[in-house]
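Numbering (this note's numbering), first residue to last: 2 to 325.
Ideal Cβ placement from N, Cα and C applies to all residues, glycine included.
Bear in mind that the values here come from a model prediction, so they are computed numbers and not experimental data.
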(Lines of atoms letter the chains of each structure in order from A; the text may use other names.)
(Lines give C-alpha, C1' and ligand atoms only; values in the text may rest on other atoms or scores of the structure.)
Protein backbone atom coordinates (compact mmCIF):
# COMPACT_ATOMS: atom_id res chain seq x y z
CA UNK A 2 0.00 0.00 0.00
CA UNK A 3 1.09 3.55 -0.62
CA UNK A 4 -0.37 7.00 -0.05
CA UNK A 5 -0.45 8.79 -3.37
CA UNK A 6 -2.16 12.04 -2.42
CA UNK A 7 -4.26 13.68 0.27
CA UNK A 8 -6.79 16.08 -1.22
CA UNK A 9 -7.72 18.47 1.55
CA UNK A 10 -10.07 20.51 -0.62
CA UNK A 11 -11.97 17.44 -1.88
CA UNK A 12 -11.93 15.74 1.54
CA UNK A 13 -10.44 12.62 -0.02
CA UNK A 14 -7.37 10.40 0.03
CA UNK A 15 -5.81 8.58 -2.89
CA UNK A 16 -4.35 5.15 -2.10
CA UNK A 17 -2.64 2.52 -4.18
CA UNK A 18 -2.99 -0.99 -2.76
CA UNK A 19 -3.30 -4.70 -3.42
CA UNK A 20 -6.57 -6.33 -2.36
CA UNK A 21 -6.80 -10.05 -1.61
CA UNK A 22 -10.25 -11.65 -1.36
CA UNK A 23 -10.78 -15.28 -0.45
CA UNK A 24 -13.94 -17.38 -0.21
CA UNK A 25 -15.00 -21.01 -0.13
CA UNK A 26 -17.09 -22.41 -2.97
CA UNK A 27 -18.08 -26.04 -2.25
CA UNK A 28 -18.88 -26.57 -5.92
CA UNK A 29 -15.15 -26.33 -6.68
CA UNK A 30 -14.15 -29.19 -4.34
CA UNK A 31 -12.12 -32.09 -5.78
CA UNK A 32 -9.86 -34.93 -4.67
CA UNK A 33 -6.31 -34.34 -6.02
CA UNK A 34 -5.57 -38.06 -6.34
CA UNK A 35 -8.54 -38.48 -8.67
CA UNK A 36 -7.24 -35.80 -11.02
CA UNK A 37 -3.59 -36.67 -11.46
CA UNK A 38 -2.43 -35.01 -8.24
CA UNK A 39 -3.55 -31.50 -9.21
CA UNK A 40 -3.34 -29.43 -6.03
CA UNK A 41 -4.38 -26.05 -7.40
CA UNK A 42 -6.03 -24.49 -10.41
CA UNK A 43 -5.56 -20.98 -11.75
CA UNK A 44 -8.31 -19.57 -13.93
CA UNK A 45 -9.96 -16.18 -14.37
CA UNK A 46 -12.94 -14.61 -12.69
CA UNK A 47 -14.82 -15.03 -15.97
CA UNK A 48 -15.29 -18.77 -15.41
CA UNK A 49 -16.01 -18.96 -11.67
CA UNK A 50 -18.26 -17.18 -9.24
CA UNK A 51 -16.70 -14.10 -7.63
CA UNK A 52 -18.09 -11.78 -4.94
CA UNK A 53 -18.77 -8.91 -7.33
CA UNK A 54 -21.24 -7.40 -4.87
CA UNK A 55 -18.41 -6.62 -2.44
CA UNK A 56 -17.76 -2.93 -2.95
CA UNK A 57 -15.83 -0.05 -1.50
CA UNK A 58 -18.71 2.12 -0.30
CA UNK A 59 -16.93 5.43 0.06
CA UNK A 60 -15.09 5.20 -3.26
CA UNK A 61 -15.44 8.50 -5.14
CA UNK A 62 -14.89 7.00 -8.58
CA UNK A 63 -17.67 5.12 -10.33
CA UNK A 64 -15.88 1.78 -10.15
CA UNK A 65 -16.83 0.89 -6.59
CA UNK A 66 -17.14 -2.89 -6.92
CA UNK A 67 -14.63 -5.56 -7.91
CA UNK A 68 -15.96 -6.58 -11.31
CA UNK A 69 -12.70 -6.62 -13.27
CA UNK A 70 -11.58 -9.91 -14.76
CA UNK A 71 -8.62 -11.11 -12.72
CA UNK A 72 -6.84 -14.44 -12.09
CA UNK A 73 -8.45 -16.69 -9.48
CA UNK A 74 -6.48 -19.39 -7.67
CA UNK A 75 -8.50 -22.41 -6.45
CA UNK A 76 -7.45 -25.09 -3.92
CA UNK A 77 -8.92 -28.62 -3.70
CA UNK A 78 -11.00 -27.72 -0.64
CA UNK A 79 -12.87 -25.17 -2.74
CA UNK A 80 -10.99 -22.15 -1.40
CA UNK A 81 -10.68 -19.48 -4.08
CA UNK A 82 -8.42 -16.42 -3.95
CA UNK A 83 -8.90 -13.26 -5.99
CA UNK A 84 -6.08 -10.70 -6.10
CA UNK A 85 -6.28 -7.29 -7.72
CA UNK A 86 -4.47 -3.98 -7.56
CA UNK A 87 -6.47 -0.83 -7.04
CA UNK A 88 -5.85 2.89 -7.11
CA UNK A 89 -8.66 4.17 -4.98
CA UNK A 90 -9.85 7.67 -4.16
CA UNK A 91 -12.04 7.49 -1.07
CA UNK A 92 -13.84 10.03 1.04
CA UNK A 93 -11.92 11.08 4.12
CA UNK A 94 -12.72 13.88 6.58
CA UNK A 95 -9.72 16.23 6.50
CA UNK A 96 -9.45 18.83 9.27
CA UNK A 97 -6.38 21.04 8.73
CA UNK A 98 -6.98 23.23 11.78
CA UNK A 99 -3.83 21.79 13.35
CA UNK A 100 -1.68 22.31 10.22
CA UNK A 101 1.22 21.47 9.99
CA UNK A 102 0.76 19.04 12.91
CA UNK A 103 -2.53 17.61 11.65
CA UNK A 104 -3.45 13.94 11.94
CA UNK A 105 -6.30 12.22 10.12
CA UNK A 106 -8.16 8.91 10.20
CA UNK A 107 -9.32 7.68 6.80
CA UNK A 108 -11.60 4.67 6.53
CA UNK A 109 -12.05 2.22 3.66
CA UNK A 110 -15.59 0.86 4.01
CA UNK A 111 -15.94 -2.56 2.37
CA UNK A 112 -19.34 -4.19 2.30
CA UNK A 113 -21.83 -6.38 0.49
CA UNK A 114 -23.79 -3.97 -1.68
CA UNK A 115 -26.70 -6.12 -2.88
CA UNK A 116 -26.96 -9.40 -0.97
CA UNK A 117 -28.19 -10.00 2.55
CA UNK A 118 -25.93 -10.87 5.41
CA UNK A 119 -27.13 -14.50 5.36
CA UNK A 120 -26.06 -15.00 1.75
CA UNK A 121 -22.60 -13.49 1.91
CA UNK A 122 -20.74 -12.90 5.14
CA UNK A 123 -17.62 -10.80 5.48
CA UNK A 124 -15.32 -12.49 7.97
CA UNK A 125 -13.63 -9.99 10.24
CA UNK A 126 -11.38 -12.66 11.77
CA UNK A 127 -9.75 -13.28 8.39
CA UNK A 128 -9.46 -9.58 7.51
CA UNK A 129 -5.93 -8.23 7.65
CA UNK A 130 -4.44 -4.85 6.87
CA UNK A 131 -0.85 -5.56 5.92
CA UNK A 132 1.66 -2.71 5.73
CA UNK A 133 4.67 -4.92 5.13
CA UNK A 134 5.27 -3.39 1.72
CA UNK A 135 4.14 0.12 2.56
CA UNK A 136 5.84 2.76 0.42
CA UNK A 137 6.75 5.91 2.36
CA UNK A 138 5.20 9.20 1.29
CA UNK A 139 7.30 12.38 1.26
CA UNK A 140 4.61 14.42 3.01
CA UNK A 141 2.69 11.91 5.17
CA UNK A 142 3.61 9.28 7.75
CA UNK A 143 1.52 6.19 8.36
CA UNK A 144 0.90 6.04 12.12
CA UNK A 145 -1.15 2.86 12.42
CA UNK A 146 -3.92 0.80 10.84
CA UNK A 147 -6.99 -0.84 12.29
CA UNK A 148 -9.73 -3.25 11.16
CA UNK A 149 -13.22 -3.24 12.66
CA UNK A 150 -16.73 -4.27 11.69
CA UNK A 151 -19.93 -2.26 11.44
CA UNK A 152 -23.58 -3.22 10.92
CA UNK A 153 -26.24 -1.24 9.07
CA UNK A 154 -29.95 -2.01 8.73
CA UNK A 155 -31.71 -0.96 5.53
CA UNK A 156 -35.27 -2.04 4.67
CA UNK A 157 -35.17 -4.73 7.39
CA UNK A 158 -31.97 -6.15 5.89
CA UNK A 159 -28.81 -6.25 7.97
CA UNK A 160 -25.72 -5.28 6.04
CA UNK A 161 -22.29 -5.90 7.44
CA UNK A 162 -19.25 -3.79 6.62
CA UNK A 163 -15.57 -4.22 7.31
CA UNK A 164 -13.79 -0.93 7.94
CA UNK A 165 -10.08 -0.60 7.29
CA UNK A 166 -8.79 2.50 9.08
CA UNK A 167 -5.65 4.33 8.02
CA UNK A 168 -4.26 6.89 10.48
CA UNK A 169 -1.83 9.33 8.89
CA UNK A 170 0.11 12.35 10.13
CA UNK A 171 1.69 15.18 8.17
CA UNK A 172 5.46 15.58 8.24
CA UNK A 173 5.97 19.11 9.63
CA UNK A 174 9.75 19.52 9.14
CA UNK A 175 9.58 21.19 5.72
CA UNK A 176 6.82 23.62 6.74
CA UNK A 177 8.61 24.51 9.97
CA UNK A 178 11.89 25.31 8.24
CA UNK A 179 10.58 27.02 5.11
CA UNK A 180 7.54 28.85 6.50
CA UNK A 181 7.23 28.88 10.29
CA UNK A 182 10.83 29.82 11.17
CA UNK A 183 11.04 32.78 8.71
CA UNK A 184 7.72 34.12 10.02
CA UNK A 185 8.92 33.97 13.64
CA UNK A 186 12.18 35.73 12.71
CA UNK A 187 10.32 38.46 10.82
CA UNK A 188 7.89 38.94 13.68
CA UNK A 189 10.68 39.54 16.20
CA UNK A 190 12.41 41.95 13.82
CA UNK A 191 9.45 44.26 14.43
CA UNK A 192 10.54 44.59 18.04
CA UNK A 193 14.03 45.76 17.10
CA UNK A 194 12.54 48.63 15.13
CA UNK A 195 11.95 50.31 18.48
CA UNK A 196 15.63 49.90 19.38
CA UNK A 197 16.80 52.00 16.42
CA UNK A 198 17.66 55.58 17.44
CA UNK A 199 15.13 58.18 16.35
CA UNK A 200 17.92 60.34 14.98
CA UNK A 201 18.98 57.59 12.55
CA UNK A 202 15.95 58.17 10.34
CA UNK A 203 15.62 54.41 9.66
CA UNK A 204 12.77 53.55 12.00
CA UNK A 205 9.87 54.11 9.60
CA UNK A 206 11.75 52.67 6.62
CA UNK A 207 12.60 49.47 8.49
CA UNK A 208 9.04 49.06 9.78
CA UNK A 209 7.57 49.51 6.30
CA UNK A 210 10.09 47.08 4.80
CA UNK A 211 9.13 44.38 7.32
CA UNK A 212 5.42 45.03 6.76
CA UNK A 213 5.78 44.68 2.98
CA UNK A 214 7.88 41.55 3.45
CA UNK A 215 5.11 40.05 5.56
CA UNK A 216 2.51 40.94 2.93
CA UNK A 217 4.49 39.31 0.10
CA UNK A 218 5.44 36.31 2.23
CA UNK A 219 1.82 35.77 3.29
CA UNK A 220 0.75 35.70 -0.37
CA UNK A 221 3.40 33.10 -1.21
CA UNK A 222 2.53 30.97 1.81
CA UNK A 223 -1.19 31.16 1.05
CA UNK A 224 -0.60 29.66 -2.39
CA UNK A 225 1.24 26.70 -0.86
CA UNK A 226 -1.22 26.09 1.99
CA UNK A 227 -3.71 23.21 1.62
CA UNK A 228 -7.13 24.42 0.52
CA UNK A 229 -10.02 23.54 2.81
CA UNK A 230 -13.24 24.96 4.20
CA UNK A 231 -11.60 25.11 7.64
CA UNK A 232 -9.04 27.78 8.47
CA UNK A 233 -5.80 26.48 10.02
CA UNK A 234 -4.59 28.10 13.23
CA UNK A 235 -1.31 28.67 11.40
CA UNK A 236 -3.07 30.92 8.87
CA UNK A 237 -4.61 32.89 11.73
CA UNK A 238 -1.12 33.26 13.20
CA UNK A 239 0.25 34.58 9.89
CA UNK A 240 -2.55 37.13 9.55
CA UNK A 241 -1.99 38.16 13.18
CA UNK A 242 1.69 38.79 12.48
CA UNK A 243 0.78 40.90 9.47
CA UNK A 244 -1.58 42.98 11.62
CA UNK A 245 1.08 43.35 14.31
CA UNK A 246 3.54 44.52 11.68
CA UNK A 247 1.00 47.11 10.53
CA UNK A 248 0.47 48.14 14.15
CA UNK A 249 4.24 48.57 14.51
CA UNK A 250 4.24 51.03 11.61
CA UNK A 251 1.47 53.01 13.32
CA UNK A 252 3.29 53.03 16.66
CA UNK A 253 6.52 54.15 14.99
CA UNK A 254 4.55 56.99 13.40
CA UNK A 255 3.33 58.03 16.84
CA UNK A 256 6.88 57.96 18.21
CA UNK A 257 8.13 60.12 15.35
CA UNK A 258 5.20 62.51 15.75
CA UNK A 259 5.94 62.94 19.46
CA UNK A 260 9.62 63.38 18.67
CA UNK A 261 9.17 66.18 16.14
CA UNK A 262 6.36 67.81 18.15
CA UNK A 263 8.55 68.10 21.23
CA UNK A 264 11.44 69.33 19.13
CA UNK A 265 9.18 72.06 17.81
CA UNK A 266 8.07 73.01 21.33
CA UNK A 267 11.69 72.99 22.47
CA UNK A 268 12.71 75.35 19.69
CA UNK A 269 9.90 77.80 20.53
CA UNK A 270 10.78 77.87 24.24
CA UNK A 271 14.46 78.37 23.53
CA UNK A 272 13.69 81.21 21.13
CA UNK A 273 11.54 83.04 23.69
CA UNK A 274 14.23 82.84 26.37
CA UNK A 275 17.16 83.73 24.14
CA UNK A 276 16.43 87.45 24.40
CA UNK A 277 16.83 87.54 28.20
CA UNK A 278 19.17 84.66 28.95
CA UNK A 279 22.93 84.62 28.82
CA UNK A 280 24.88 82.16 26.77
CA UNK A 281 25.55 79.94 29.80
CA UNK A 282 21.92 80.02 30.82
CA UNK A 283 20.85 79.16 27.26
CA UNK A 284 23.20 76.18 27.22
CA UNK A 285 21.95 74.85 30.55
CA UNK A 286 18.32 75.37 29.53
CA UNK A 287 18.85 73.65 26.21
CA UNK A 288 20.54 70.65 27.80
CA UNK A 289 17.80 70.40 30.41
CA UNK A 290 15.05 70.47 27.79
CA UNK A 291 16.88 67.90 25.64
CA UNK A 292 17.20 65.59 28.61
CA UNK A 293 13.48 65.84 29.32
CA UNK A 294 12.72 65.11 25.66
CA UNK A 295 15.00 62.05 25.54
CA UNK A 296 13.45 60.57 28.68
CA UNK A 297 9.93 61.10 27.25
CA UNK A 298 10.75 59.53 23.87
CA UNK A 299 12.59 56.61 25.42
CA UNK A 300 9.73 55.85 27.80
CA UNK A 301 7.23 55.86 24.94
CA UNK A 302 9.35 53.50 22.86
CA UNK A 303 9.86 51.16 25.81
CA UNK A 304 6.12 50.91 26.38
CA UNK A 305 5.46 50.15 22.70
CA UNK A 306 8.32 47.65 22.48
CA UNK A 307 7.20 45.70 25.56
CA UNK A 308 3.59 45.69 24.34
CA UNK A 309 4.54 44.30 20.91
CA UNK A 310 6.82 41.71 22.53
CA UNK A 311 4.00 40.50 24.79
CA UNK A 312 1.60 40.26 21.83
CA UNK A 313 4.17 38.25 19.86
CA UNK A 314 4.76 35.82 22.71
CA UNK A 315 1.03 35.36 23.34
CA UNK A 316 0.32 34.63 19.67
CA UNK A 317 3.24 32.21 19.38
CA UNK A 318 2.40 30.33 22.58
CA UNK A 319 -1.28 30.16 21.56
CA UNK A 320 -0.35 28.66 18.18
CA UNK A 321 1.89 26.02 19.75
CA UNK A 322 -0.69 25.20 22.44
CA UNK A 323 -3.45 24.71 19.86
CA UNK A 324 -1.47 22.66 17.34
CA UNK A 325 0.92 20.53 19.40
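For residue 162, the three-state secondary structure derived from DSSP is strand. For residue 20, the enclosing beta strand (DSSP E) begins and ends at 13 to 25.
Comparing C-alpha distances from residue 183 to each of 232, 214 and 193 shows the shortest one belongs to 214. Per DSSP, reduced to three states, the secondary structure at residue 303 is helical. Just measuring C-alpha positions, the residue of 200, 15 and 155 sitting nearest residue 92 is 15. In the three-state reduction of the DSSP assignment, residue 72 falls in the strand class, which pools E and B. The Cβ atoms of residue 211 and residue 312 lie no closer than 9 angstroms to each other. Taking 8 angstroms as the upper bound for CB-CB distance, residue 325 and residue 102 are in contact here, some 6 angstroms apart.
Under the three-state reduction of DSSP, residue 46 is assigned to coil, being neither helix nor strand. In the structure shown, residue 260 adopts helical secondary structure according to DSSP, grouped into three states.
Distance from the CA atom of residue 98 to the CA atom of residue 261, rounded to whole angstroms, is 46 angstroms. As the crow flies, the alpha-carbon of residue 89 is around 15 angstroms from that of residue 130. Contact between residue 29 and residue 95 is absent: CB atoms are separated by about 43 angstroms, not below the 8 angstroms threshold. Residue 136 sits exposed, since fewer than 16 C-beta atoms from the chains shown fall within 10 Å of its C-beta.
In the DSSP assignment, residue 142 is bridged to 170.
Residue pairing by DSSP puts residue 3 in a beta bridge opposite 17 and 136. The region 76 to 85 and the region 8 to 26 touch, with three or more beta-carbon pairs separated by less than 8 angstroms. In the DSSP assignment, residue 208 falls within the alpha helix (DSSP H) that extends over 204 to 225. By the C-beta density criterion, residue 149 is exposed, having fewer than 16 other C-beta atoms within 10 angstroms. For residue 55, the uninterrupted beta strand (DSSP E) segment begins and ends at 55 to 57. When DSSP states are grouped into helix, strand and coil, residue 175 belongs to the helix group.
Across the structure, residue 151 and residue 163 are spaced so that their CA atoms are roughly 6 angstroms apart. The beta-carbon distance between residue 132 and residue 123, rounded to whole angstroms, is 21 angstroms. This is too long to meet the 8 angstroms contact definition. Excluding sequence positions up to five before and after residue 42, its CB lies within less than 7 angstroms of the CB of 75, all in the same chain and listed in chain order. The beta-carbon separation of residue 108 and residue 166, rounded to 5 angstroms, stays under the 8 angstroms limit for a contact. Counting only residues of its own chain and dropping the five nearest sequence neighbours on each side, residue 301 has a CB closer than 7 angstroms to the CB of 256 and 259. Sorting 55, 121 and 138 by C-alpha distance to the C-alpha of residue 110 places 55 at the top.
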